[in-house]
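When you line the sequence shown up against mature numbering (1 follows the signal peptide of the UniProt record, and there is no 0), it's residues -20 to -1, 1 to 848, in that order. Encoded as structure tokens, the structure appears first; notes follow it.
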Amino acid sequence: MTSSLVTRLASVIVFPLTSGAIPVAGMASLTSSRTNSFTSSYPNPQPPGKNKATPPFRTLVDLFEKLRDERKQDTKRRLLTKWVNGWRQEVGNDFFPLLRLLLPHLDKERPYYGLKEASIATLYIDMFGLGKLKKNPESDASTLMQWRQPIGNATPGDFSSAIHDFAHRRSTVIEGTVSIKRVNDLLDSLANGAKDRYMQIAVLREIFEETTATEQKWIVRIILKDMAISVKEATIFSVFHPDAEDVYNASSDLRAVAWLLYDPEHRSSDNDKGLQLFRPFKPMLCKPLRTIEEMVKEMEGKEFFIEEKLDGERMQVHMQEGKYFYCSRKGTDYTYLYGKSVNTGSLTRHLAKALDERIENIILDGEMIAIDTETERVLPFGTLKEAASGKLQNAQPCFRIFDVLYFNGSSLLDKSVTSRKRNMRAYIKEVPGRVGFVTEYMGRTVDDVRTRLEEIMAARGEGLIIKHPLARYVLNGRNLDWVKVKPEHMDGMVETLDLLVVAGNYGSGKRGGKISTLLCAVKDDLRSGGNGPERYSTFVRVGSGLTNVQLDRITDMPWKRRGSKGLPEWLQTLKAWDDDKYDVYLELEDTFALEVKASEIIASDHHYFDYSLRFPRAMAIREDLSKDDCWTTSRILDYMRSDKKRKLDDTSKENASMQKKQKKAPKKVPYLLCLRKHIFNDDQQPEALPIYINPSVTASRSTKKNSDETYRCSSDKVVSKIEEPSDVNKVKGFDSSPDAEEKDVKLGSEDQAAICYDQDRIFKHLYFYLDSSTNAVRLGMAVRKKHEAAINESFTTLKKIILENGGEVVDLDDPKLTHIVLDKRDTGRQVKLRKITSSPKHRRLVVSTYIDACLAEGTLLNEEDFAP
């Protein structure tokens, strides 16, 4: 980037408080209107200093092209770092114009475009008056509409490349001159004209006349919010600022991230990374179940919460002084639907009745569901919007609350879930059919969980959520403190995956003439790294679980016979085994998702991918999922790292003995009934505050805090101690001393640690041999003398890093050996090392930069990118 590219000043944009916004001193304010829900009045102004003109968009396109083509993550990171530093030096401190193009899927200020591939193709065709040619299979119009088909498309399945080819044949622009600011302005205009077809065509014409075909390709990717550059958002955030991801998790606001964190040397405050009223946050999520037994063991003998999992939409609700804000998990504003005040919407007037009159402000987390007003039955998720808008007869929305995260000016994120639930039930009452609590029980044993799961199965429910009593609330977190249990975990099968059906075989006997077995694949995102055409690796063959009706329907799909021309380019199969042979296959655009359940994931050499499923069984055809929603190779490997022993019904003698030693727990009643019976059922009880809450309900002042509550962040560590107020009016009969489950949590057991993937110790379960000069001499191998001392010193440091991050350093003959690390200055022994360690299995050979790159990304990377 040169100074000649930035010769004019960028216009300074002032973002006034939009009408309808709720001003909160020192906090971002959000409107409750649907179209401007993320326009904010920021406590911190636009970054200081005058920003120069933004550079030409073509320079950013060059970066996109390099990121797409580059396979090594550390190189991608260096490219991004260089670009960010260049922007800071030559443009200024306002990074928002850049971030919204790098992370278009996170930009909530730009309204919805209302455009997908088919609609963009139609707009381009109409822009050139080619509509009459769409039915001509040889025309450009037909090729663009059939962008998934290989005929006429150089890169079938890549819509942006189809736009590139279409524009390239017509464009006269040799070099683009539009700036990044101009592109953002054009995209704003396109989004603002989402309901005006002629305006959209006019904007696209401007884009076509001012940009090259390559630039249009990337603009289309930005519109579709699918950049395909194989760079995680966490990487982009960390390059920009070490606190960027935390601030985004707390705000869902790219502008707030850009304006607050313009200085990489200035760390954000806890307040910036915490909850703020009317600012949507990323909610805490659930970990998938490993086994019920291991999950119960994780609770360390404590009584835990068992909640019903509902078929609704995750919803956070903010309230301050009668003003309300509703927001979904992904940051979509639904205030227009449910009501910004008691006089609007379909729910707020009922929620207002449920809240204690002493509540000045609050943030709730829960599930919005639709219920039948006559039967009180929970309706399918797809009916929720109609129920909320009054378009569905005998249906209404109902908000089921399971957490309170903010109360009268105080964040409760660092309180235990036990504490938060006490306050939730103390200050919120149920309004039948409108506002209530998630059905909740207490449990301690495997049988407690199974009993509740059986009840859920009988009622055809979604499943259960298990929560550790000391769990704190982690924004955008997903740890073992919240575990999801589904009904399918009741039988002997535990692995449930969504796979892509790519091919099939005809059956015999009663199934003669039908496709009776299906070959499933997973997207190979490890080998390709997201570059070039998509590749799918065969993974498992499924022949049971589907009915004859389903098989008839599958047989009627547009199958193609396997011909002499070979395999589809996108499908990777293992030719040496019958398991990968098939009679017919589907084109990639005709493939479909299949939910498959199996006893476990196992190593296998019968398919292209190195793993497969044991005892697979088809569960359902998932019409609601696309190929992009199906499992990938990296997801399977991550899943396996988290727990290599995934058997639900562990009937070993050790477990049986353990259960015999356990004291039989008394039968539990719903937690709500316990509270009503022992605490809140006394009509004469004076108005008072339960413990564990900031007493600002009755006094708008800071109070001295001198009692502790220890909370837990995850299963293997105690994070901190949060003080609780002592000068609180106690509820009559309420024990103010800490409960047993609120005391310090001991560390997880060694057995548990041995089978869990720990994101903070990413090399756990990996065993490294370091090919240092010292080790080479000891094994009688030749050594290059030129860098001998430097290499030995480098490996000494590397050993320390590996050990600190959970890995082990072993000898070359250790049977547990997984990786051999070489220094790129001396790789002459790699052939001999590979030969020595090839039996009984090949080990991964990598250069030492692999270790640094994994730590930089916070995850295990593809070893092939670091091969010597």
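We put the CB at the ideal spot given by N, CA and C, even for glycine.
With H, G and I counted as helix, E and B as strand and the rest as coil, what does DSSP make of residue i?
i      : result
ASP532 : helix
GLN810 : helix
ILE100 : helix
ARG177 : helix
ILE154 : coil
HIS799 : strand
ALA847 : coil
GLU475 : strand
THR355 : coil
LEU480 : strand
MET125 : helix
ALA578 : strand
GLU788 : strand
PHE382 : strand
ASN686 : In this predicted model, ASN686 has a pLDDT of only 39, less than 50, meaning its place in the structure is not dependable enough to derive any value.
LEU59  : helix
CYS834 : helix
GLN26  : coil
VAL71  : coil
ASP120 : helix
LEU43  : helix
Is the CB of residue i under 8 Å away from at least one CB in chain D?
i     : result
ALA33 : No chain D is present in this structure, which holds just one protein chain.
Spell out the partners DSSP gives residue i in its beta bridges.
i      : result
GLN53  : GLN53 is not bridged to any residue.
GLU287 : GLU420 and ILE445
MET295 : SER308 and GLY346
GLN321 : Looking at the sequence provided, one finds Ser at residue 321 rather than Gln. Note: SER321 sits in no beta bridge, so no partner.
TYR486 : ILE495
LYS267 : VAL463
PHE572 : VAL481
Would you give the residue range spanned by the beta strand (DSSP E) that residue i belongs to?
i      : result
PRO538 : It is not in any beta strand (DSSP E) - PRO538 carries neither H nor E in the DSSP assignment.
LEU76  : The sequence as given places Phe at residue 76; Leu does not occur at that position. Unbroken run through PHE76 is the alpha helix (DSSP H), 76 to 82; no beta strand (DSSP E).
LEU750 : 747 to 750
SER517 : 516 to 522
MET599 : 597 to 602
ARG824 : 824 to 827
Looking at the secondary structure, which residues open and close the alpha helix (DSSP H) in which residue i lies?
i      : result
ASP345 : Run containing ASP345: none in the alpha helix (DSSP H); it sits in the beta strand (DSSP E), 341 to 352.
VAL776 : The question names Val, but residue 776 in the sequence shown is Thr. From DSSP, the alpha helix (DSSP H) with THR776 extends over 768 to 784.
TYR588 : Premise fails: TYR588 is in no alpha helix (DSSP H) and is neither H nor E.
ASN164 : 160 to 172
VAL397 : 397 to 407
LYS333 : 328 to 334
GLU337 : Note, GLU337: premise wrong, no alpha helix (DSSP H); not H, not E.
GLU213 : 213 to 220
GLU366 : 364 to 369
Should residue i be counted as a contact of the ligand MN given a C-beta to heavy atom distance under 7 Å?
i      : result
ILE582 : Among the components of this structure there are no ligands whatsoever, and the ligand MN is therefore not found.
Going by the beta-carbon positions, is the gap between residue i and residue j smaller than 8 Å?
i      : j      : result
ARG57  : ALA836 : yes
THR829 : ASP54  : yes
PHE220 : VAL41  : no
ALA583 : LEU593 : no
VAL426 : GLU273 : yes
GLN300 : ASP345 : no
ILE202 : LEU81  : yes
SER570 : MET599 : The sequence given here places Asp at residue 570; Ser does not occur at that position. No, they are not a contact pair.
ASP168 : ARG90  : yes
ILE343 : LEU255 : yes
THR194 : GLU155 : no
ASP87  : LEU234 : yes
LYS503 : CYS378 : no
ILE446 : PHE305 : no
GLU567 : LYS540 : yes
TYR421 : ARG432 : yes
Exercise. Using 8 Å as the threshold, is the stretch 75 to 95 in touch with the stretch 173 to 193, meaning 3 or more CB pairs across them?
Worked result: yes
Exercise. Contact between the stretch 296 to 311 and the stretch 275 to 287: three or more CB pairs below 8 Å?
Worked result: no
Exercise. With contact counted as at least three CB pairs below 8 Å, one residue from each stretch, are the stretch 405 to 412 and the stretch 474 to 489 in contact?
Worked result: no
Exercise. Any contact of the stretch 356 to 376 with the stretch 261 to 273, i.e. 3+ C-beta pairs under 8 Å?
Worked result: no
Exercise. Pairing CB atoms from the stretch 518 to 527 with CB atoms from the stretch 536 to 555, are three or more of them under 8 Å?
Worked result: yes
Exercise. Given 8 Å as the limit, is there contact between the stretch 745 to 753 and the stretch 792 to 809, that is, 3 or more CB pairs closer than that?
Worked result: yes
Problem set entry | Cβ contact (3+ pairs, closer than 8 Å) linking the stretch 521 to 536 and the stretch 607 to 620 | no
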